[in-house]
Structure formats: structure tokens, C-alpha cells
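Student:
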Amino acid sequence: MDRFPGQGGWHSAIPAKAKRHRAIMSDTHEIHTSSRSISTGDIPSPSRRSGGRGRSSATKSILITLLFAAGIFVLGAILWQVIGFKRSAEPLPPISSERALIVARRIGVAFEDGQQTWRDWFVANRMKPPISAELVLFSNARPSPCSGTAPVGGPFYCPLDDKASFDLVLLNQLEKRMDREAGLGTAIVVARLYAEHVLHALGVPESLAAPDRSEFTRERTLQADCFAGVWAGLAAERIGTVAPGFYSRLLLRGKLLMEMYVNGGKPDQPSLDIFLFDDFTRRDEAFQSGLASRDPASCQAPR
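Here you go:
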């Protein structure tokens, strides 16, 4: 396997087993909504008069003004929904073939490094290494048995078919937002997804029939974050240092991208969205804990 270049310099890194990676390119239909422009007529100012009649006229004027303001508020809310829906329903900007190749190479290098790193850990602990997850590259959305065959966007891992799927279009936009830390950001996203595969191989359940399932989901998320940090610690010589706060910034930008372009502001498949749980302080702490220990046993399991 090729060695990792430094942070942000993965453009020339080509995975040794790239030919085994299967790319699935699918397109989503673009949705257009028409915007509306609403004009309102002027409300005549009440004439100033003295006496009860003048006060009555003033009262009517105030009522009309309040009704007018309420109407504007309602219409504004409607327009916001129309404009907001249009924005969230738009697909991500397209990715060029050159950029797709660069992002795919970075994913491939990190994925193969994760395979080898975790294989070595299992062997060192006298455990049988699990069969590697299958790497799938796609654009915009693809069906998955974990979503009932409904299209899913963003990076996600499905234990039912043991596939780690990466949206090249979304990761391209995430890299742009990470700027000079683009390569490192992509590597950490891959590590976070591969952590799901490792947890599945270790027998950590996806869910429990517990009274507070949401708390279990949060704790399992933190455990996977910690496992991603373990990989980053073990791969430090190849990827460099991951500073405190980097992981939380990465998650926040990924979450915003998912909300704006993939989920339409709502979780598409919450159980598959690695960016969904937004207690980024706790998640960064879990990542840093694994990074420092380099030991999965230090990562707290769900109770």
C-alpha cells in the first residue's frame, strides 16, 4: 500500500488495490420550485380628528396595521418555506472527473490503511481479523438494504451488506470547506466509517431494546468516534497530528452539507448519518481520547 503523504497532500496517492474498489455512479433528479413575488398596496394614513370619532378612527387604523403586519408575517413564513425547500432540494454542485479521481484516490488510500491497521490490531490481540468491508463509491445517492432499498446520500456504512459507501460529490464539497486540511478531513471521515465496520465485527449491536434507545445510540456514536481516534493515533506517522477541535469542525461542516443538500433539513436515515449527533464537544473529546490512548479498550462501550 502506498504511503500517506502529509496533510492535504494526497493528490498523488494511489491505492494499491484500487482496481478492486467498485464505483457506483448514480444521479438524482433536480427539483425546481418557482419563487413568488408578493406586492402589497399602501394603506392610507388615518386623518387626525378630535373627539370620540377621531379615537375610533385611530383604533381602526391600529387594528388594520396589526392585521397587515400579521399577514406579512404569515406570507413571509410561506415564502421562507418555498425558498428554503428550493435550496435544500437542489443537488450538490457537480464534480469534475479530475476532482472525482482525486477524492476517490484519497478515500482508497485511507480505506486500505484502515484495513491494514485494524487487521494488525486484531492479530496482535490474538483475534481473527474480520473480512474487510466492501468499498463503494457513488454520487448523490444509492439504495441500501439498511434503508429498505431507499436511496441514501452521504458517507454511510450498512452492516447488512457490509458495505462502506462514500458519496464523491458530497466529500468533494466537504474537502473544499476544509481547505488546506482537505486530505486529512477525508481520511478521518473514512476512519469514522470504518470504525462502524470494526464495531460490527466485534459484535457491538446496532441498537438495543432499551427504554432509552436514543441514549444508547449517542453512546455508540461516541464509541465509534473514539475508534476513529484510535486509528488516527496508530496512523500518526502517515497522516500527521490531528489537533483538538479539528474533528468537531469536520463533523459540523459535514452536518451542514447533509442538511442543505442531502436530507432537506431532516435526517434521511438517522441510523446511517455519521454527522447527525451534534454534541460536537463530546464527540471531539471521544476522538481525542482514542487518539491519545491508541487502544480500542479505552473507548467506553454503550451501557
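Numbering (this note's numbering) for the sequence shown: 4 to 306. Don't be surprised by glycine CBs; every beta carbon is placed ideally from N, CA and C. If you're wondering where the values come from, they're calculated on a predicted model, not measured in any experiment.
#1: Determine which residues share a DSSP beta bridge with residue 138 and list them.
#2: Does any residue of chain D bring its CB to less than 7 Å from the CB of residue 245?
#3: Is there contact here, the region 122-134 with the region 175-194, by at least three beta-carbon pairs under 8 Å?
#4: Between 253, 145, 286, which lies nearest to residue 230 when the distance is taken from Cα to Cα?
#5: In three-state terms, what does DSSP make of residue 129?
#6: What's the call for residue 293, buried or exposed, on a 16-neighbour Cβ count within 10 Å?
#7: Output the boundary residues of the alpha helix (DSSP H) element that contains residue 249.
#8: Please state the DSSP three-state secondary structure of residue 229.
#9: Distance check for residue 248 and residue 76, CA to CA, integer angstroms please.
#10: If you reduce the DSSP assignment to three classes, tell me which class residue 208 lands in.
#11: Are the Cβ atoms of residue 251 and residue 278 separated by less than 7 Å?
#12: Using C-beta distances below 7 Å, list every residue in its chain close to residue 227, excluding the 5 sequence neighbours before and after it, in chain order.
#13: Do residue 154 and residue 148 come within 7 Å of each other at the CB atom, strictly closer than that value?
#14: Inspect the beta-carbon positions of residue 308 and residue 169 and report whether they are closer than 7 Å.
#15: Taking just the CA atoms, how far does residue 115 sit from residue 240?
#16: Over the uninterrupted beta strand (DSSP E) stretch that includes residue 278, give me the two end residues.
#17: With distances taken Cα to Cα, identify the nearest neighbour of residue 187 among 219, 220, 162, 232.
#18: Under 6 Å Cβ to Cβ from residue 121, same chain only, skipping five residues before and after it: list those, please.
#19: According to the Cβ coordinates, are residue 165 and residue 136 closer than 7 Å?
#20: Compare the C-alpha of residue 300 against each of 205, 108, 172 and name the closest.
#21: If you run the structure through DSSP and keep just helix, strand and coil, what is residue 109?
#22: Output the distance between the C-alpha atoms of residue 303 and residue 222, rounded to the nearest integer angstrom.
#23: Assign residue 295 to buried or exposed, taking buried as 16 or more other Cβ atoms, counted over all protein chains shown, within 10 Å of its Cβ.
#24: Restricting to Cα atoms, I'd like to know which of 237, 289, 305 is closest to residue 124.
#25: Does the Cβ of residue 218 have 16 or more other Cβ atoms within 10 Å, making it buried, or fewer, making it exposed?
#26: Which one or two residues does DSSP pair with residue 159 in a beta bridge?
Tutor: With the given structure in hand:
#1: 167
#2: This model lacks chain D altogether; it includes just one protein chain.
#3: no
#4: 286
#5: coil
#6: buried
#7: 249-260
#8: helix
#9: Its pLDDT being 49, under 50, residue 76 is placed unreliably by the model, and the measurement read from it follows with that caveat. Approximately 39 Å, taken between the alpha carbons.
#10: coil
#11: no
#12: 195, 198, 199, 202
#13: no
#14: Examination of residue 308 is not possible in this model, given that the chain is present from 4 through 306 alone.
#15: 16 Å
#16: First-last for residue 278: undefined, no H or E at that position.
#17: 232
#18: 201
#19: yes
#20: 205
#21: helix
#22: 8 Å
#23: exposed
#24: 237
#25: exposed
#26: 168
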